[in-house]
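Those sequence lines, one after another, are chains A and B. Under the working numbering, read the first sequence as residues 1 to 110, first letter to last. Under the working numbering, read the second sequence as residues 1001 to 1872, first letter to last. Since the structure comes first, as C-alpha cells, the remarks are kept for the end.
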Amino acid sequence: MGKEYLGEFEELILTMVAALQDDAYGAAITDEIETRLKREVNLSAVHVTLYRLEDKGLIKSAMGGGTNERGGRRKRIYTITSAGMATLKMMKEARLDLWKLIPQLKISAS
Amino acid sequence: MKEEIPGWLLKFLSLICPNNMLEEIEGDLIQKYNNDIRKVGERKAVRKLVWNALRFFRPGIILRNRFSTGLNFIDMLSNYWKIMVRNLMKHKVYSGINVFGLTIGITFAVMIGVFCWGELQVNKQLKDVDRLYIVERDMKDTSGMGFFAPTPIGRTLKEQYPTLVENYFRFYDRNIKVSKEDKHFVIQGIIGDSTFLTMFGLPVLYGDAKTALSKHHSVVITEKMAKQFFNRVDVVGETLTLTNGLREKKEVVITAVLEDLQRNSVTDLVGINAQYIVPLQDVRDFLLTDMQTLEDDFIITYLKLRPKAQLNDVQRAMSRWIKNNGSPQQKRVANLNLKSLKDYYLITQNGAAQKMIFILSGIACFILLLAIINFVNISIASATVRLKEIGVRKVIGGIRKQIIFQFLSESLIITVMAGLFAIGCYELLRPAFEGLLNVSLPVFWKLDITFWKWFVVALVLVGVMAGSYPAFFMSSYRVIESLKGKLKSAKEGLLFSKGLMTVQFLVAIFIFCCSIVITQQVSYFLEKDLGYDKSFVLTVSSVPRIWTDEGIRQMNLAKHEFLTSSHVESVSLSWEIPNGNNGDDVSLYRYGSDEDKSILMPLLKSDEDFDDVYKIKINEGEFFSEQNGSWKPNRIVINEATSKLLNLHVGDQARMRGTDTVFTVTGVVGDFNFFSLRDPVKPVVIMHPKDLHVYRFFSFRLKPGNLAESVEDVEKHWKKLFPEDPFDYAFMDDRLASLYKSEQQLKKASTLATGVMLMIVLIGVLGLVALNVAKRTKEIGVRKVLGASMLSIMTLFSKEYIRMILVAFALAVPSALYFVDSWLSGFAYRVTLHWWMFTLPGLGLLFVALGVVIIQSYKAASVNPVKSLRTE
Chain A
1 MGKEYLGEFE ELILTMVAAL QDDAYGAAIT DEIETRLKRE VNLSAVHVTL
51 YRLEDKGLIK SAMGGGTNER GGRRKRIYTI TSAGMATLKM MKEARLDLWK
101 LIPQLKISAS
Chain B
1001 MKEEIPGWLL KFLSLICPNN MLEEIEGDLI QKYNNDIRKV GERKAVRKLV
1051 WNALRFFRPG IILRNRFSTG LNFIDMLSNY WKIMVRNLMK HKVYSGINVF
1101 GLTIGITFAV MIGVFCWGEL QVNKQLKDVD RLYIVERDMK DTSGMGFFAP
1151 TPIGRTLKEQ YPTLVENYFR FYDRNIKVSK EDKHFVIQGI IGDSTFLTMF
1201 GLPVLYGDAK TALSKHHSVV ITEKMAKQFF NRVDVVGETL TLTNGLREKK
1251 EVVITAVLED LQRNSVTDLV GINAQYIVPL QDVRDFLLTD MQTLEDDFII
1301 TYLKLRPKAQ LNDVQRAMSR WIKNNGSPQQ KRVANLNLKS LKDYYLITQN
1351 GAAQKMIFIL SGIACFILLL AIINFVNISI ASATVRLKEI GVRKVIGGIR
1401 KQIIFQFLSE SLIITVMAGL FAIGCYELLR PAFEGLLNVS LPVFWKLDIT
1451 FWKWFVVALV LVGVMAGSYP AFFMSSYRVI ESLKGKLKSA KEGLLFSKGL
1501 MTVQFLVAIF IFCCSIVITQ QVSYFLEKDL GYDKSFVLTV SSVPRIWTDE
1551 GIRQMNLAKH EFLTSSHVES VSLSWEIPNG NNGDDVSLYR YGSDEDKSIL
1601 MPLLKSDEDF DDVYKIKINE GEFFSEQNGS WKPNRIVINE ATSKLLNLHV
1651 GDQARMRGTD TVFTVTGVVG DFNFFSLRDP VKPVVIMHPK DLHVYRFFSF
1701 RLKPGNLAES VEDVEKHWKK LFPEDPFDYA FMDDRLASLY KSEQQLKKAS
1751 TLATGVMLMI VLIGVLGLVA LNVAKRTKEI GVRKVLGASM LSIMTLFSKE
1801 YIRMILVAFA LAVPSALYFV DSWLSGFAYR VTLHWWMFTL PGLGLLFVAL
1851 GVVIIQSYKA ASVNPVKSLR TE
C-alpha cells in the first residue's frame, strides 16, 4: 500500500480539518473536540499534530486573518488536500470492511 | 477581550518556537485564554494558560527550529583550515620548528606537571584530611621538633573532650622479619591502634575495617605484600610469622588486605613506606616493652578533630594534661603543636617538597616560554606573507575579529597537535625520566580528571600566547599597508623579535648557570672529605635484632666469623651508619658542672671497630679498645666538637640528663660529617652497644679488589651464620648519595632542562637566521657585486646575535648569582663559586649560536650573486 499509517489522534485531527473547512485552525479544532467529544486535548498536542500532517502532505495551510480576541495575531488556516481526503476515505472504508466482518448480534430473549 | 498573556511567557514561547509558527501559536493561546476566562474565571484561566504554553516545550515544536548560524560559517572555517595547511606545508621547516619546539616544551612541562601533581596529591587519599592532625612536640631542653607526643594523650583527649577530638591513632614503626614457609623478608611495618582503618578511611579490599585490628595476633597487610607472600590478594585468614628481637616467632592472622597505599604522611611518614600494621595491644611482642612503660613515654600520634573544634582549645587541653598528668619524662615537653595533614607533606622538612615543586614549575614555565617565543619570532619573521593575506581578506570584507579568530585558531590547532605529540612523547620517555629522577610517574590516561582540565587550560593558554602576535598585532594594520606586505617600520617588528630572542638567551644562560652550580654542589657533597673514608664500606641492614646480652655475644662471634673471609678487612656492629639517621639525642654535661650547661647532641652507638671500618681519626685515647678483655661499662667516645664545647678530655667524667650514671671519656675522635653536609659538624657522643643492647647495622671494610666478588663472599658467610635472615646490603657511597636525593633530583632536572632549553633556543635561532637569509638573498647579492667579502657578510648576520647574547649575559649573570647564592645559603658546606661557572654558559651559547648563524649565512654568502640577484 505504501500509505503512511495514521494514528488515532492524527486521524481525528485530519477529520476535524476536513469538517471545519475554512475555520480549521489550532484553537478552533481544540474547542470543537472538547465540545463535541467531551475530550480534553492540549493545544500544543493539536499544533504538533497539525504540523506533522502538513509534513506528510495530507493538509496544507495559509495564514488567515487576525481577530481582537487573538490579540491581533493571525490564524493559520488548514485545508485538507486531495491526498488527505483519499487517506481519510480509505481509512473509513477499511474500517467499514472490518465492521462487516463482525457477526450480527443476536438478541435472545431467553 | 484585552487580556494579554504575560511578557515572560511570550519570551519563553519566542525562545522555543520557530519564527514562522510563533504568531499562530500565540494567537491560539490567547484565544483559548479568553475563552477560558469566560468559562472558568480568570484565576483558573491563567493557570491553564501557563500550563498550555509550557506544554509547547516538546520535541515536536523545538526540533522544528532551524539552527542556522550566519551565512557561510562552515565554508569560512574550511577556508581557514585550508590556508593553514597550505602555509604549514609551504614552510615545512618553520612549521616543523614550531611544532617540534612546542612538543618538547609541552612534553617537559607535562612531566614536571605530573610529578608536581603527584606531590600535591600526597595525603589526599585520607578521609576527612582537613580534620586530621599530627602532634608535634617542642622539648624544653632540645632545640629540634619531633613528631612524638606523650603516649596517653590521644586516648585521654578523646575521653575527656569528646566534643573536640573525634578519634586518635598512635603508632611505632618497626622493621620486622616476616616469614611464610621459606619466604623471609625484613619489611617495614607499624604497630598501631585499631582505629587505623576507620579513621583514615583507607580502602580495604578484603576483611572488615572495623574489627580487623581489634583481636590479638592480627595483622593487616597491603595488596603488594599479599602478592609477595601468596601470589594472590584474597588472603584473609592466612597466617604469617613475625620474628621479634628475642628471636621469638609470633604467628599472626591476616584479618584484612588493603589496596596499595598512595603516598601519605601516616604509613609513609619520613619515607618509611610501611606495608603492614599489627595492633598496639601486641606491643609486648615486638617492642620488648610493655604498655605500662609506654604510657610514660612518647609515641607518634594523630588526632581527628570534630568538624567545629578549635585548634586552640585542643592545644590548651594538651598543655593542661602535660602539666597535671604527665610523667617526669613527659613534663619535659614545652609545647605540643597540631600540624594539619592537609599540607604536612609539603611543608615538612622546611618545605622541601614545596620548594621542589616551586623550582620545577618555574623551569617548566621557562621552557614553555622559550617554545612560545620561537613560535612568535617565526611568525614575525614570516609576517610579510601573512600580511598580504590579511590585506586581501580585509579587502574582500573580512573584519578584524575574524582575522583574530583565524590566527588564534591556527595557533591553537598547532598547539593541540603539539600537545598530542607531547602525550605520546611523555609515554615514550616516561620510563627514562622515572629512572633518571628516581620518581614514579603514572600513565597519562590514569591521571585525575582535574589534571586533564588543567592540561587543556594550559594548552589553550599556550596557544593563545603563541598566536597573539599575528592575531592581535598584524590584524590591526590598515588594508593598504598590509597589502604592501611590509611591517609599519621594519624596526618595530625586528625590535620586538630581538627583545624576545634576548629573553630566550637570558633564560637559557640563567638556567645553564644554575645547573652548573647545582651540579658542582652535588659533586662537592659526594667528594668532600668527610672525616672518614666511605669507599669500600659495605653496610648490611638486615641484622637479626636480638637485643640482649646473648645477642651481642652472638654478633661478636659472627664478627669473628666474617673476619675469616679474605675479602673483609674489618667489621663493626653499630646502631648508626653515617647516613644522617641517628636514634637518640642526649644532653651531655661535664661531671660536677651545672646541669643547665648541658648540650644536646646525637648519641651514636657503635662497637670498638667502628673507627677501623670508617677510618676515623683518633685524637686522644682509644676507641673503646677491648684489648686483654678489659671491657668496662659506661665508657664514651666524643668528637672534637664535643670536646671543645664541654672541655672534656680522656679520663674526664660526664653525665647525661635524666640518668644518674657517670660516664668516662675513653677517647676523642676527629670531627667527621655524620649528618648531611647541609648542616655543620655537630658535637656527638658515642656509646658501646654492650651498654645499651641495641644495634642495627654491620659495616664491613672490604679489601680493594673485585667488589662484586667480595659482596658474594660476605653473603656466603651470611647465609651460613644467619640462614633465616635476608641479606640486605648497600655500599656506603650509595647510602650517602641517597642522603642528597632532592639535590640529586634537582641536579638531574636542571641538567635536563638546560639541554632542552639549549635545543629549543638553537632551533629558534636556526629558523630565524634561515628566514632572514632567505629574505635578504638579493641584498647579499648586491653587496657581493659591490665587493663585499664573505667574511663581512657573515659578520653582518652574526653581529646582532652577538649583541643579543651579550645583553642577555649581562642580565642573566646577576640574577643567576642571586638565585644560586640564596640556594647555597641553605647548606653549611658549599662549593666556592668560580667565574667560569657563569662565563662558560655565556660563551658556550655564544659559540654554538654563532656556529648556527655562520653555517646558515655561509650558504647564502657563497652563492653566485648572478643567481641570487635573479631570484624573485
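For glycine and all other residues, C-beta sits at the position ideal for the given N, C-alpha and C. If you're wondering where the values come from, they're calculated on a predicted model, not measured in any experiment.
Item                                                                                                                            : Value
For E1023(B) and R74(A), believed in contact at Cβ under 8 Å, the rounded distance                                              : 6 Å
Cα-Cα separation, L1483(B) to L1387(B)                                                                                          : 7 Å
Closer than 8 Å at the beta carbon, the chain A residues around E1166(B)                                                        : By Cβ distance, chain A contributes nothing, its closest Cβ being about 56 Å from E1166(B), past 8 Å.
Three-way DSSP call (helix, strand, coil) for H47(A) in this model                                                              : helix
Beta-carbon neighbours of F1056(B), restricted to chain A and to distances below 9 Å                                            : L43, S44, H47, V48
Short Cβ contact (8 Å threshold) for Q1521(B) with L1824(B)                                                                     : yes
Assigned secondary structure, S82(A) (DSSP; H/G/I helix, E/B strand, else coil)                                                 : helix
Straight-line Cα distance separating V1517(B) from L998(B)                                                                      : The shown model of chain B, from 1001 to 1872, leaves out residue 998(B), and the question about it has no answer.
Limits of the unbroken beta strand (DSSP E) element including D1173(B)                                                          : 1165 to 1180
Proximity test, Cβ basis, 8 Å: E1389(B) and chain A                                                                             : no
Close Cβ partners of F1147(B) (< 6 Å) along its chain, the five nearest in sequence each way excluded                           : I1134, E1136, I1300
Closest by C-alpha distance to G1424(B), when choosing among T1103(B), A1812(B), G1391(B)                                       : T1103(B)
Assigned secondary structure, G1667(B) (DSSP; H/G/I helix, E/B strand, else coil)                                               : strand
Best match in N1582(B), D1821(B), V1457(B) for proximity to M1601(B) [C-alpha to C-alpha]                                       : N1582(B)
The stretch 1402 to 1415 of chain B contacting the stretch 1464 to 1471 of chain B, beta-carbon criterion three pairs below 8 Å : yes
The stretch 1747 to 1756 of chain B contacting the stretch 1426 to 1440 of chain B, beta-carbon criterion three pairs below 8 Å : yes
Residue-chain proximity (L1009(B), chain A), Cβ-Cβ < 8 Å                                                                        : no
Proximity to E1026(B) [Cα-Cα], best of G1041(B), K1453(B), R1055(B)                                                             : R1055(B)
Identity of the residues DSSP links to P1150(B) by a beta bridge                                                                : F1298(B)
Unbroken stretches of the alpha helix (DSSP H), 4 residues or longer, contained in the stretch 1443 to 1520 of chain B          : 1449 to 1468, 1479 to 1484
Proximity below 8 Å, CB of A1808(B) to CB of I1509(B)                                                                           : yes
L1869(B) beta carbon less than 8 Å from that of K1778(B)                                                                        : yes
The stretch 1756 to 1771 of chain B in contact with the stretch 1813 to 1823 of chain B per 3-pair CB rule at 8 Å               : no
Per DSSP, cross-strand counterpart(s) of N1888(B)                                                                               : Outside the shown range of chain B (1001 to 1872) lies residue 1888(B), about which nothing can therefore be said.
For L1015(B), the nearest candidate out of F1624(B), L1338(B), R1064(B) (CA to CA)                                              : R1064(B)
N1098(B) beta carbon less than 8 Å from that of I1414(B)                                                                        : yes
Cβ-Cβ distance between E1743(B) and F1421(B) below 8 Å                                                                          : no
Same chain, Cβ closer than 7 Å to M1(A), neighbours up to 5 away in sequence not counted                                        : At M1(A) the pLDDT is 40, less than 50, meaning the model places this residue with poor confidence; the figure from the coordinates comes in the next sentence. No residues qualify anywhere along the chain.
Beta bridge counterpart(s) of V1685(B) as assigned by DSSP                                                                      : L1603(B), I1638(B)
K1784(B) in three-state terms, based on DSSP                                                                                    : helix
8 Å contact criterion, which V1668(B) and N1619(B) should meet: CB distance rounded                                             : 5 Å
Closer than 8 Å to chain B by CB, R70(A)                                                                                        : yes
F9(A) (DSSP reduced to helix, strand or coil)                                                                                   : helix
Closest residue to F1433(B) among M1111(B), V1252(B), F1073(B) (Cα-Cα distance)                                                 : M1111(B)
Bounding residues of the alpha helix (DSSP H) (the contiguous stretch that carries V21(A))                                      : Note on identity: in this sequence residue 21(A) is Gln, with Val being the wrong assignment. Run containing Q21(A): none; DSSP gives neither H nor E here.
Element boundaries [beta strand (DSSP E), containing G66(A)]                                                                    : 59 to 66
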